[in-house]
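Going letter by letter, the sequence shown gives residues 37 to 222 in my numbering. Even glycine gets a Cβ: it sits at the ideal position worked out from N, Cα and C.
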Amino acid sequence: MLNRISNRFHAWAKGWLVFVLMLLDMFFMGLVMPLVGGLMKSGTGLEQPLDLMFLATPDKMFAMIKRYGEFGRAFYRNVELTVDIIYPIIYTLTFGLLISWLFQRGFKSDSKMQRLNAVPVGAWFFDLLENLGIVTMLSMWPSQPAALAWLTTIVSTIKWIFAGASIVLIVIGLVMAARNGFRKRE
Numbered sequence: 037m038l039n040r041i042s043n044r045f046h047a048w049a050k051g052w053l054v055f056v057l058m059l060l061d062m063f064f065m066g067l068v069m070p071l072v073g074g075l076m077k078s079g080t081g082l083e084q085p086l087d088l089m090f091l092a093t094p095d096k097m098f099a100m101i102k103r104y105g106e107f108g109r110a111f112y113r114n115v116e117l118t119v120d121i122i123y124p125i126i127y128t129l130t131f132g133l134l135i136s137w138l139f140q141r142g143f144k145s146d147s148k149m150q151r152l153n154a155v156p157v158g159a160w161f162f163d164l165l166e167n168l169g170i171v172t173m174l175s176m177w178p179s180q181p182a183a184l185a186w187l188t189t190i191v192s193t194i195k196w197i198f199a200g201a202s203i204v205l206i207v208i209g210l211v212m213a214a215r216n217g218f219r220k221r222e
């Protein structure tokens, strides 16, 4: 399955599409997500949502969920079920196609490195699992299932590892493609 995804990413890695996806990703990162964060902060007074925390303990997660209040929990749940479903699709496509485009120019077409363009799919998958955990905890409040909180922390950490690996691959791709003058390799 990952080979099929990798092959699709390579087939779709057209410069214009990568550019459009990068603009869409920047739109979400620079406008939509800060706007949603600002609305959440104004409604709850809290600095950050659970999905931006790294290695949070269940106690910290449930303390934040309590402080969100009824409005904040409902608002956050709606964000997780809408915007935070759409954005992971956008960043997965952006990173996957950008890595593909760069690696097509930085590595030979038969290089095993070409398959690493599927790494962003890991971030997407674990982001969705994280969202599921957060939505469940918000919906179950005032119940505080510690096992679910720990599981959500684990999948969140894995998400950030995959996201970080994707960024590293983009940097590697930039360096290698630049060494080849951004010409496509065969």
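| message | Taking 8 Å as the cut-off, does the stretch 161-179 touch the stretch 58-72 (at least 3 CB pairs, one atom from each stretch)? | response | Taking a cut-off of 8 Å for Cβ pairs, the stretch 58-72 and the stretch 161-179 do not touch, as fewer than three such pairs fall below it.
| Which residues bound the alpha helix (DSSP H) around residue 58? | Unbroken alpha helix (DSSP H) run through residue 58: 51-63.
| task | Mark residue 216 as exposed unless 16 or more other C-beta atoms lie within 10 angstroms of its C-beta, in which case mark it buried. | result | Label assigned to residue 216: exposed.
| Leaving out the 5 sequence neighbours to the left and right, which residues in its chain are closer than 6 Å to residue 42 when beta-carbon positions are compared? | 151, 153, 154
| message | With three or more beta-carbon pairs closer than 8 Å as the criterion, would you say the stretch 194-201 touches the stretch 100-109? | response | no
| request: Examine the ligand MG and report whether any of its heavy atoms sits within less than 6 Å of the Cβ of residue 202. | output: The ligand content of the structure shown is nil, which means the ligand MG is not present either.
| Under 7 Å, do residue 47 and residue 138 count as touching if we go by C-beta distance? | no
| Which runs of the alpha helix (DSSP H) spanning at least 4 residues fall entirely within the stretch 62-139, listed in chain order? | 69-80, 94-116
| message | Within the continuous alpha helix (DSSP H) that includes residue 39, where are the two ends? | response | 38-48
| query | Going by beta carbon distance, what residues of the same chain come within less than 6 Å of residue 120, once the five residues before and after it are set aside? | reply | 167
| In the stretch 154-185, which residue ranges form an unbroken alpha helix (DSSP H) of at least 4 residues, counting only runs that do not cross its ends? | Complete alpha helix (DSSP H) runs here, min 4: 155-176.
| By how many angstroms is the C-alpha of residue 174 removed from the C-alpha of residue 95? | 14 Å
| Among 208, 176, 163, nearest to residue 127 - alpha-carbon criterion | 163
| request: Return the residue from the list 113, 158, 218 that minimises the CA-CA distance to residue 29. | output: As displayed, the chain neither begins before 37 nor continues past 222, which places residue 29 out of reach and without an answer.
| Which word fits residue 147, buried or exposed, when buried means at least 16 other C-beta atoms lie within 10 angstroms of its C-beta? | Around the beta carbon of residue 147, a 10 Å sphere encloses fewer than 16 other beta carbons of the protein chains shown; the residue is thus reported as exposed.
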